[in-house]
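**Student:** I'd like to ask some things about the structure below.
Numbering (our numbering), first residue to last: 131 to 246.
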């Protein structure tokens, strides 16, 4: 139980740090947010929990393949916001487009015979 509390606290601290940094400097916030902190934390926690390097390697490989569709959100959201659509609707549409991109990537990877 203590281990899960530590995981939540460390992970939350990283997210809050990025958000707070962005209030002061968009560059600092973007730098923190662009680091693959979630991926790094997931790999660290997986290794700490299992001591299985192969599981970590498989996770890293899967993250690699799903990174491209995740960029859809970062492309769609500013385009939608700058086109005059409100924040919440823009966010919802960007999330939906990202979900569709994930589905398309998973289908493409399956078709190519790439296991994630």
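Where a beta carbon is used, it is the ideal one built from N, C-alpha and C, also for glycine. Given the structure is predicted, the values throughout are model-derived calculations rather than measurements.
Would you identify the three-state DSSP class for residue 181, choosing helix, strand or coil?
**Tutor:** Three-state DSSP puts residue 181 in coil, outside helix and strand.
**Student:** Assuming the contact rule is C-beta atoms closer than 8 Å, residue 176 and residue 189 should be a hit. Round their C-beta distance to whole Å, please.
**Tutor:** Indeed they touch by this definition, with Cβ atoms about 6 Å apart.
**Student:** Have a look at residue 135 and residue 153 and give me their C-alpha separation to the nearest angstrom.
**Tutor:** Computed Cα separation, rounded: 27 Å.
**Student:** How about residue 147 and residue 199: do their beta carbons lie closer than 8 Å?
**Tutor:** No, Cβ-Cβ distance for residue 147 and residue 199 is not below 8 Å.
**Student:** Could you give the distance in angstroms between the alpha-carbon of residue 218 and the alpha-carbon of residue 224?
**Tutor:** Taking the straight line from one Cα to the other gives about 10 Å.
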